[in-house]
Structure formats: structure tokens, C-alpha cells
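Numbering (mature numbering (1 follows the signal peptide of the UniProt record, and there is no 0)), first residue to last: -20 to -1, 1 to 320.
All C-beta atoms in this analysis are idealised placements derived from N, C-alpha and C, irrespective of residue type, glycine included.
Quick caveat: nothing in here was measured; it's all calculated off a predicted structure.
Working notes, structure below.
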């Protein structure tokens, strides 16, 4: 009898342990940390990294976002294409009210690596996945991490499809520009802000796509959004100036009199970067469109058959499940907001 009772107890403990284990799963975030999540697809997400919201959208998981630090005033295309965000809790700056997250029954939070709110979230049992990248390779890894964290088969399929699409475009562009000499690759300056004057330098995703598209980042500083003087920009003398979609206009810049002395400005080689669901030039899946836009901007003859409006429409249909009209695609390429 004692033996039977012991066997029964052991079987009971094993069964209970198996049940407990089956209720959770573990994913590895962008820092290498293990994060324990419910063993089912996530339905309610808080996203505390601006650009990461577009990754969830591209994975078909945008409707799971119940809290975001993005706002419709600064990201009108995002809220138009993912209208469920209009009902989400909006953070203040990069900060959420923790009690409000609990009231929204948040099951998972995505934050940029090093976000100080991570500890507060974890203290109330909200699992936190940290993500960050500065290269297109890192973007692809983050797509897979995000899909795995969400726990849905659809998200993982989308992540793999996106990575295949990006890799195809990288190979296509590389093949077309591989015979260019150093002198045939234009010197490019990417201005993130005109007031105050800030540029994007080396060791950044911006520098990455400039090189991929057949250009040379002329900014001799490191990091994104680095303050510089107009005199320094004159010394660099770029062939092409790219203004971030929301950077402002050179004519209204306090440094207009100096910047207008640039040969690129005089020759009309100042471009406005497209602005869609997010700024194409920064940390989101629209980077796959950015490299195509930049390649054609730097080398129009090599990419003369690329119809960027059509490419944009096809991308938005497949990855954002949204049918852009030709006029909407044109407005995105001009960094203009939706009409309504």
C-alpha cells in the first residue's frame, strides 16, 4: 500500500510539474536575457519604443497594441493605417503609467534596451522584452525576436517573409552598384534637424543604408542626431543633402545664409526623405523601402526602372495589410501627411 501511495504521489507531482511547465514559454530578448511568457499567443501589448510599433504592424500584430508612446499628431500615417491605435493608452514621452498598464491587462511590454521603466514593469509581473539595433542585420533579428515573443504562427511567417524581402533588395542593389568606383559614390549628408542643426554620423543605421545604396556618409561624427555647426557642413561639402521628413526647411533655418552656400543646395540636390508609418530612414521595417529610394536617388540611371510609388503600394499591402491609393503613396514619398 505504501509503495502504491508513493508511486501515486510521484506521478501526481510529475503531472503537476508538466502542467506548470506547459503554461509558460521562454524567449531570448535583444540583450540575451531570458523572458518567461504565457504559453499562448499574446493578445495585449505595451510598446515603449517608437519605431518598434511598426515592426508589430508589419508582423500583423498591430491590433494587439493597447499602449504606445507614439501619438497621432507626430505619426499620422501610423494611426491611419493601424486605426486600432486610436483606442490605445498613449504614453507621456517614453513613460507609461504602470497602473494604467495593469488596468489594460497588458501581457507583454516591448522596450528599448536600457529603458528605466523595465524594472517597474517587471515588479508588477508584466514581462518585458528589450529590443534595439543599429544595423539592418539587427533589424532582421529583432523581427524574429518580436515574432517569437508574440507567439503566433502568423507573426513568425511574416517575420521570415520580411527578412527574405529585405535580403532580396540588398542583393539586388548590391549587384547593380558593385562596379562603381569610390568617386562615383556621392558624398551624402543626412540632416535630422535644422533647428537645432543635427546630423546623423558614423556607426548608425543611417550610415548603413547610405553605404548600401551606393553613397558615402560625409558626416565625420559618430552617432545619430549629433549637433554640428553650419561651418562644419560647409567644410564637408556633400554632393547630396537629405532632410529627414520632419527636419524642417533650409529656407526657414537659422543657418539658411550659410547652408545655401552649399553646392548641393545651389545645384538642387537637396532631397526630402519619405515619411510613412514611421520615418523611412530610421529603425523600422520601412528600411527595406528606404534603401530602394536612396539607391534611385543616388544613382537614377542604374535604377531608372524602379517605380517607387508602386513598390510602396505593394509593400504596404503585403506587410501592413493596407491598400494605398497612388495619391497616398505619392504623399508618403513627399513626406506629406494623409489628407484625412
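Which residue from 10, 12 and 18 puts its Cα closest to that of residue 4?
Sequence index remark: in the chain shown, residue 4 carries index 24 (1-based). The shortest Cα separation from residue 4 among 10, 12 and 18 belongs to 18.
Just list the residues that DSSP pairs residue 90 with in beta bridges.
Start at 1 with the first residue of the chain shown, and residue 90 comes out as number 110. Paired residue(s): 27 and 109.
Can you tell me whether residue 99 is buried or exposed, with buried defined as 16 or more other CB within 10 angstroms of its CB?
In the chain shown, the residue the question calls residue 99 occupies position 119. It is exposed - the Cβ of residue 99 has fewer than 16 other Cβ atoms within 10 Å.
With 16 other CB atoms within 10 Å as the buried threshold, where does residue 264 fall?
Here residue 264 is taken as the residue at index 284 of the chain shown, counted from 1. Answer is buried; the Cβ neighbour count reaches 16.
Which partner residues does residue 279 have in the DSSP bridge list?
As a first step, residue 279 is located in the chain shown; it is residue number 299 there, counting from the start. DSSP lists no partner for residue 279.
Pull up the DSSP beta-bridge partners for residue 220, would you.
Working through the chain shown from its first residue, we reach residue 220 at position 240. Paired residue(s): 168.
Is there a Cβ from chain C that is less than 8 Å from the Cβ of residue 41?
Included in the structure is just one protein chain, with no chain C present.
Give the DSSP-derived three-state secondary structure of residue 151 in the structure shown.
By 1-based counting over the chain shown, the position of residue 151 is 171. Note: residue 151 maps to helix in three-state DSSP.
Please name the residue in 302, 190 and 47 whose C-alpha comes closest to that of residue 257.
Numbered from 1 along the chain shown, position 277 holds the residue referred to as residue 257. Of the listed residues, the one whose Cα sits closest to residue 257 is 302.
Separation of residue 177 from residue 129, as counted between CA atoms
If you number the chain shown from 1, residue 129 lands on position 149. If you number the chain shown from 1, residue 177 lands on position 197. Straight-line Cα distance between these residues: approximately 38 Å.
Are the CB atoms of residue 174 and residue 139 nearer to each other than 8 Å?
Here the question's residue 174 lines up with position 194 in the chain shown. Here the question's residue 139 lines up with position 159 in the chain shown. Cβ distance not < 8 Å, so residue 174 and residue 139 don't count as in contact.
Proximity winner among 76, 82 and 81, relative to residue 96 (alpha-carbon distances)
Here residue 96 corresponds to residue number 116 of the chain shown, with the count starting at 1. Looking at the Cα atoms, 76 is the closest of the given residues.
With distances taken from CA atoms, which of 142, 48 and 29 is nearest residue 298?
For the purposes of this step, residue 298 is identified with residue 318 of the chain shown, where counting begins at 1. Of the candidates 142, 48 and 29, the one whose C-alpha sits nearest the C-alpha of residue 298 is 142.
Burial state of residue 171, where buried means 16 or more other Cβ atoms lie within 10 Å:
In the chain shown, the residue the question calls residue 171 occupies position 191. So residue 171 ends up on the buried side.
Residue nearest to residue 63 in terms of C-alpha spacing, selected from 82, 42 and 74
Looking up residue 63 in the chain shown gives position 83. Selected option, being the one with the closest Cα: 42.
DSSP on residue 98, reduced to helix/strand/coil?
Residue mapping note: residue 98 aligns to position 118 of the chain shown, counting from 1. Three-state DSSP puts residue 98 in a helix.
Whose C-alpha, out of 201, 243 and 234, is nearest the C-alpha of residue 220?
Numbered from its first residue, the chain shown carries residue 220 at position 240. Cα-wise, what sits closest to residue 220 is 243.
Contact the segment 78 to 97 vs the segment 24 to 34: 3+ CB pairs below 8 Å:
yes
Output the distance between the C-alpha atoms of residue 282 and residue 314, rounded to the nearest integer angstrom.
Translated into positions along the chain shown, residue 282 becomes position 302. Translated into positions along the chain shown, residue 314 becomes position 334. Using only the alpha carbons, I get a separation of about 22 Å.
Residue nearest to residue 269 in terms of C-alpha spacing, selected from 237, 148 and 122
One-based indexing of the chain shown puts residue 269 at position 289. Closest option to residue 269, Cα to Cα, is 148.
For residue -16, which residues in the same chain have their Cβ closer than 8 Å to its Cβ, ignoring the five residues on either side in sequence?
By one-based count along the chain shown, residue -16 stands at place 5. With a pLDDT of 49 at residue -16, under the threshold of 50, the modelled position of that residue is not reliable, and the figure given next carries that caveat. Here the set comprises nothing.
Would the beta-carbon of residue 197 fall within 8 Å of that of residue 217?
For the purposes of this step, residue 197 is identified with residue 217 of the chain shown, where counting begins at 1. For the purposes of this step, residue 217 is identified with residue 237 of the chain shown, where counting begins at 1. No. Outside cutoff.
Among residues of its own chain, excluding the 5 on either side of residue 93, which ones have a beta-carbon nearer than 8 Å to its beta-carbon?
Here residue 93 is taken as the residue at index 113 of the chain shown, counted from 1. Within the same chain, residue 93 has close Cβ partners 10, 11, 110, 111 and 112.
Could you work out which residue in 275, 311, 39 and 14 is closest to residue 194 when comparing CA atoms only?
Within the chain shown, residue 194 is the residue found at index 214, counting from 1. Ranking 275, 311, 39 and 14 by Cα distance to residue 194 puts 275 first.
Identify every residue that forms a DSSP beta bridge with residue 252.
Working through the chain shown from its first residue, we reach residue 252 at position 272. Residue 252 pairs with 223.
Have a look at the DSSP bridge pairing and note the partners of residue 18.
In the chain shown, residue 18 corresponds to position 38, counting from 1. Paired residues: 4.
So, helix, strand or coil for residue 126, using DSSP?
Position 146 of the chain shown holds residue 126. It is helical.
Name the two residues that bound the continuous alpha helix (DSSP H) containing residue 312.
Here residue 312 refers to the residue found at position 332 when the chain shown is read from its first residue. Here the alpha helix (DSSP H) through residue 312 covers 306 to 313.
Excluding sequence positions up to five away, which residues of its chain have a Cβ less than 8 Å from the Cβ of residue 312?
Position 332 of the chain shown holds residue 312. Closer than 8 Å at Cβ, skipping near neighbours: 57, 254, 255, 256, 292 and 304.
Looking at the unbroken beta strand (DSSP E) that takes in residue 177, where does it start and where does it end?
The count along the chain shown starts at 1 and reaches residue 177 at position 197. Element bounds for residue 177: 177 to 179.
Classification of residue 8 by the beta-carbon crowding that lies within 10 angstroms, buried from 16 upward:
Taking the chain shown and counting its residues from 1, the one referred to as residue 8 is at position 28. Residue 8 comes out exposed.
Alpha helix (DSSP H) containing residue 38: first to last residue?
Here the question's residue 38 lines up with position 58 in the chain shown. First-last of the alpha helix (DSSP H) with residue 38: 32 to 38.
Measuring alpha carbon to alpha carbon, tell me which residue in 31, 70 and 61 is nearest residue 47.
The residue you call residue 47 lines up with position 67 of the chain shown. Nearest C-alpha to residue 47: 70.
What's the gap between the Cα of residue 127 and the Cα of residue 51?
Sequence index remark: in the chain shown, residue 127 carries index 147 (1-based). Sequence index remark: in the chain shown, residue 51 carries index 71 (1-based). About 24 Å.
Burial state of residue 262, where buried means 16 or more other Cβ atoms lie within 10 Å
Counted from its first residue, the chain shown places residue 262 at position 282. Its Cβ being crowded by 16 or more others within 10 Å, residue 262 is buried.
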